[in-house]
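Going by this note's numbering, the letters in the sequence shown line up with residues 989 to 1165, in that order.
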Amino acid sequence: MLLALVACLACTPPRSAGAARDLPVLEPSADGATPAWVWTRDPAREGEHAVFVARFRAPADLVSATLVATCDDELTATLDGVEVLAHDDWRTPTGAEVGDALAPGGDVHLLRVDVRNGGGPAGLVASLAMTDARGATHTLVTDGRWSWSPDGATPRAPAAVLGALGDAPWSAVDAAT
């Protein structure tokens, strides 16, 4: 099952693996959590670039994983430094099977989303749905636990939650994608 993942990114390689190791490890939800629209602040600045990151563990018995995202305006997502998704139309979320990029066994992974706002409102929404061998889904979603920085290397701050999936100004985007 795909959940809408909205991310606004402009991909650049990670600059500091050490800085990422300082982030908390987020626990994916087992209850089908709904992603929130996040950004650095509200209102966004025109031309703003940012890097959103989340560290997490994949299920030890991972079978598959799907990342779905969109961003107002552009995004590039990397998983452990490998580009897995790029997109530039917030109205239509896009997804990718990313299970091959995740090593099962409880390793800590880094999901990085580089975003750019061309002007007006800006927001990122994303969902990483991971299925284990029992068929249970573990979902990592954008929320206030994610961190952001202007360049991926400087000190990080918590993401600002702008609204729930389906809220204006992105009400055309929903979890049915």
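Note that CB positions come from ideal geometry on N, CA and C, so glycine has one too.
Since the model is a prediction, treat every value here as computed from it, not as a measurement.
- Task: Determine, using beta carbons only, whether R1043 and V1013 come nearer to each other than 8 Å.
- Result: Stepping through the sequence shown from its first residue, residue 1043 is reached at position 55. Stepping through the sequence shown from its first residue, residue 1013 is reached at position 25. In this structure, V1013 lies closer than 8 Å to R1043 by Cβ.
- Message: For a quick check, are the C-beta atoms of W1136 and A1038 less than 8 Å apart?
- Response: Position 148 of the sequence shown, counted from the first residue, corresponds to residue 1136. Position 50 of the sequence shown, counted from the first residue, corresponds to residue 1038. A contact, by the Cβ cut-off of 8 Å.
- Query: Nearest-angstrom Cα distance between L991 and L1098?
  - Reply: Your numbering for residue 991 matches position 3 in the sequence shown. Your numbering for residue 1098 matches position 110 in the sequence shown. Any reading at L991 must be qualified, since the residue scores a pLDDT of 33, below 50, and its modelled position is unreliable; no value is offered.
- In whole angstroms, what separates the C-alpha of S1017 from that of T1054? As a first step, residue 1017 is located in the sequence shown; it is residue number 29 there, counting from the start. As a first step, residue 1054 is located in the sequence shown; it is residue number 66 there, counting from the start. In a straight line, the C-alpha of S1017 is about 15 Å away from that of T1054.
- Message: I need the straight-line Cα distance from G1020 to T1119, nearest angstrom please.
- Response: Stepping through the sequence shown from its first residue, residue 1020 is reached at position 32. Stepping through the sequence shown from its first residue, residue 1119 is reached at position 131. Their backbone Cα atoms lie some 12 Å apart in a straight line.
- Taking DSSP as the reference, what is the three-state secondary structure of A1114? In the sequence shown, counting from the first residue as 1, residue 1114 sits at position 126. DSSP places A1114 in the strand class (E or B) of the three-state scheme.
- From L1116 to D1068, what does the alpha carbon distance come to, in whole angstroms? Here residue 1116 is taken as the residue at index 128 of the sequence shown, counted from 1. Here residue 1068 is taken as the residue at index 80 of the sequence shown, counted from 1. Cα to Cα, L1116 sits roughly 14 Å from D1068.
- Message: Along the chain, where does the beta strand (DSSP E) containing A1147 start, and where does it finish?
- Response: Position 159 of the sequence shown, counted from the first residue, corresponds to residue 1147. Neither: A1147 is in no beta strand (DSSP E) and is coded neither H nor E.
- Query: Taking Cβ positions, are R1104 and E1062 nearer each other than 8 Å?
  - Reply: Within the sequence shown, residue 1104 is the residue found at index 116, counting from 1. Within the sequence shown, residue 1062 is the residue found at index 74, counting from 1. E1062 is positioned such that its CB atom lies closer than 8 Å to that of R1104.
- Item | Straight-line Cα distance separating R1144 from F1040 | Along the sequence shown, read from residue 1 onward, the residue named residue 1040 stands at position 52. Along the sequence shown, read from residue 1 onward, the residue named residue 1144 stands at position 156. Between F1040 and R1144, the C-alpha separation is close to 9 Å.
- Message: Does P1002 come out as helix, strand or coil in the three-state DSSP assignment?
- Response: For the purposes of this step, residue 1002 is identified with residue 14 of the sequence shown, where counting begins at 1. With a pLDDT of 39 at P1002, under the threshold of 50, the modelled position of this residue cannot be trusted; read the value that follows with caution. In this structure, P1002 counts as coil in the three-state DSSP scheme.
- Query: Can you give, in chain order, each stretch of the beta strand (DSSP E) that sits fully within the segment 1044-1129 and has at least 3 residues?
  - Reply: Here the runs fully enclosed are 1050-1060, 1062-1067, 1070-1075, 1082-1085, 1096-1104, 1111-1120, 1125-1129.
- Relative to the C-alpha of A1110, which residue among A1091, E1036, P1047, E1015 is closest? As a first step, residue 1110 is located in the sequence shown; it is residue number 122 there, counting from the start. The option with the nearest alpha carbon to A1110 is E1036.
- Determine the burial state of V1129: buried for a count of at least 16 other Cβ atoms within 10 Å of its Cβ, exposed for fewer. Reading the sequence shown from its first residue, position 141 is the one you call residue 1129. Buried is the call here.
- Per DSSP, which one or two residues make a beta bridge with V1026? Sequence index remark: in the sequence shown, residue 1026 carries index 38 (1-based). Paired residue(s): L1112, V1149.
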